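Below is one structure, written out as structure tokens; comments come after it.
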Amino acid sequence: MYDFSAFTHPATWVSLLTLTFMEIVLGIDNIIFISIVVNRLPREQQGRGRTIGLLLALLFRIGLLLSISWIVSLRTALFTINIPEMVNNFGVTGRDLILLAGGLFLMYKSTTEIHTKLQGEEEEEGMKGTGVSMMSIILQIVIIDIVFSFDSILTAVGLVDNVLVMIAAVICAMGIMLAFSGVVANFVNDNPTIKMLALSFLIMIGFMLVMEAAHKEVEKGYLYFAMAFSLIVELLNLRLRKKHKPVQLRDSQYD
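Read in order, the letters of the sequence shown are residues 139 to 393 in this note's numbering.
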């Protein structure tokens, strides 16, 4: 059924390494989203929440890879919309609907997280002991995992033909992300400015998904460059703030 002999060729291993790297890059936004959402859970449950979220992402991607023909069929128009300004009718595919729903959800969720952070509601919930449930967090992770999985799988299909190579790359990439997810989550959560920047990235990614649903292709290289540049600037700011700590006023001895 599957050709395991392909792994005897050096070209297959090159494809595996390339695809693994691509999966890691495409999975960064997933890790950021999971880290931010899981932060609403009690600290002792956050590690389990991240693990469950990434394992669900792995299962979704392997499941989608085993149904490549269905993935390809999602590019077929389900219905068309007649837009006078367009020469051809606008064909709405299953992929478009998934990207649109996922993009809008990502923009909504990121915006509400920013509002919660600015209003201090997160801290109030922690003081009152009323947080969100693990089930609601897992449901949110499942929704966004589906969207990110489609994006990842469609990229993999364009790079490699062998399904086994795709599955091996997904497993390797997810193992690496699982190993470093705790470090990324702690860094994001311990630095409020980084967390705010990450939420802004997620809004931008959500907008990109909406644009792709409207058949407006956005060059992801520009998006990732903007994200990397902003992150580097913020890391430099963090380092500068650590070097130049604010002056601490001492209590007056005459008080």
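Even glycine gets a Cβ: it sits at the ideal position worked out from N, Cα and C. Just so you know, these numbers come straight off a predicted model, no measurement behind them.
Element boundaries [alpha helix (DSSP H), containing residue i]
i	result
V348	330-351
V356	Run containing V356: none; DSSP gives neither H nor E here.
T249	232-257
P394	Here the chain comprises residues numbered 139 to 393, so residue 394 is not present and cannot be evaluated.
L193	181-203
Close Cβ partners of residue i (< 6 Å) along its chain, the five nearest in sequence each way excluded
i	result
R186	none
T156	none
I343	D167
D234	A351
Q184	V176
A317	none
Same chain, Cβ closer than 7 Å to residue i, five either side skipped, listed in chain order
i	result
I279	I172, V175, G191, L194
G264	The predicted position of G264 is uncertain, since its pLDDT is 47 and thus under 50; no value can be drawn from it.
A311	T158, E161, I162, G165
M315	I162, G165, I169, L192
E357	none
I291	R199, L202, L203, I209
L376	N329
K381	none
L238	V348, A351
Residue i versus the options, residue with shortest Cα-Cα distance
i	options	result
V322	T156, G165, S153	G165
L373	V356, I343, F325	F325
G241	R213, F286, L197, F217	F286
T150	E355, N300, S274	N300
S368	T218, K333, R379	K333
L337	H147, L238, I252, L154	I252
L197	F345, D283, T331, I219	D283
T331	A317, L256, E355	L256
T250	S319, F288, N220, L340	L340
G320	K381, R181, I236, M245	R181
I309	L154, N327, H147	L154
Residue i - partner residues in DSSP beta bridges
i	result
F217	V230
Heavy atom of the ligand COA within 6 Å of residue i beta-carbon
i	result
V322	The ligand COA is not part of this structure, which contains no ligands at all.
Nonlocal neighbours in the same chain, by C-beta distance under 8 Å from residue i, ignoring five residues either side
i	result
T231	L212, R213, T214, A215, L216
A364	M342
K266	Because K266 carries a pLDDT of 47, less than 50, the predicted location of this residue cannot be relied on, and the following value inherits that uncertainty. Nothing listed; no residue qualifies.
L335	S368, L369, E372
Y362	V163
I398	In this structure the chain extends from 139 to 393, so residue 398 is not present and cannot be described.
M346	G241, V356, K358, L361
Practice item. Mind the definition here: the region 348-362 touches the region 301-321 only if three or more C-beta pairs lie below 8 Å; say whether that holds. Key: Contact between the region 348-362 and the region 301-321 is absent, because fewer than three Cβ pairs lie under 8 Å.
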